[in-house]
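Residue numbers (our numbering): -6 to 252.
The C-beta atom is built at its ideal place from N, Cα and C for all residues, glycine as well.
Here it is as structure tokens:
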């Protein structure tokens, strides 16, 4: 089994904000010379959105979906001092430290359900992944899918794992399915859910899940509002994911029924 390796790079240039998202991500240049979409720890949902983004992306990659490379991005305090826009200045100030970057896919176009192509197996994998990670944000209004070089790429998993915004009752989510799958942009095309589920079970072994969760930066697991310790939080993510996978047949049935 191959362990995932996540590179850490420095932000060297702030290029432009992306105003589509509520969290004001930005295109930045990193110390490796590449451009990234930077997701800020100082944005609305804070570090928890970065954890969701990271885990969702790496789980997607593990099951064979196309995902831009994810990197940890270190931002220093010099950027906020030269930024004229007050809103962005504050965001930069509150985001000093470790953030998350996605490799920028230049000239990629947003997936459009009316004209873009998506094959049945890929669609089925994405639908089931989103059921597993409780991703409420892949709808017709906001597809969070890109077409790049005639392939479908998945991005933006920050709205997943929403149970972690209320740790005291997280275990109540272990027995829930995911009725919101009825709004999924790819549901109509997801006609190979059983085949997709077999591939997902084969790919997301307990070892793979543990490896992904173990890479969450310690710093992101500390929140003033949380009483759980970082190691307990990691254990909860692992328990949650293994529980979802043990119920994948229920999620397949739910998605099929909704379709």
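With a 10 Å radius around the Cβ and a threshold of 16 neighbouring Cβ atoms, residue 234 comes out buried. For the pair residue 0 and residue 18, the Cα-to-Cα distance works out to about 19 Å. In this structure the region 49 to 60 lies against the region 142 to 151, because at least three pairs of beta carbons, one per stretch, are closer than 8 Å. Taking residue 214 as the centre and dropping the five residues before and after it, the same chain places the C-beta of 223, 226 closer than 6 Å to its C-beta, in chain order.
Residue pairing of residue 9 in beta bridges, as defined by DSSP: 20. Separation of residue 184 and residue 113 (C-alpha to C-alpha, rounded to the nearest whole angstrom) is 6 Å.
Per DSSP, the unbroken beta strand (DSSP E) holding residue 91 starts and ends at 90 to 96.
Note on geometry: alpha-carbon atoms of residue 79 and residue 7 lie some 15 Å from one another. If you look at residue 206, you'll find it in the alpha helix (DSSP H) that goes 199 to 207. The continuous alpha helix (DSSP H) containing residue 84 extends over residues 79 to 87.
Per the coordinates, the alpha-carbon of residue 76 lies some 39 Å from the alpha-carbon of residue 107. Between residue 86 and residue 73, the CB-CB gap stays under 8 Å. Taking a C-beta distance under 8 Å as the contact criterion, residue 37 and residue 212 do not qualify as a contact pair. Our two residues, residue 27 and residue 204, have alpha carbons roughly 26 Å apart in a direct line. DSSP, read as helix, strand or coil, puts residue 140 in strand. Pairing residue 105 with residue 59, the inter-Cα distance amounts to about 17 Å. Between residue 33 and residue 128, the C-beta spacing is not below 8 Å.
Beta-bridge pairing by DSSP links residue 29 to 21, 96.
Taking C-beta separations shorter than 8 Å and ignoring five residues to either side along the sequence, the partners of residue 221 in its chain run 160, 229, following chain order. Residue 43 is positioned such that its CB atom lies no closer than 8 Å to that of residue 4. The alpha-carbon separation between residue 188 and residue 21 amounts to approximately 39 Å.
In the three-state reduction of the DSSP assignment, residue 245 falls in the helix class. Residue -3 counts as exposed, since fewer than 16 other C-beta atoms from the protein chains shown sit within 10 angstroms of its C-beta. Contact between residue 88 and residue 63 fails: their C-beta atoms lie close to 17 Å from each other, not under 8 Å. Scanning its chain for C-beta atoms nearer than 7 Å, with the 5 sequence neighbours on each side dropped, one finds around residue 236 the residues 167, in chain order.
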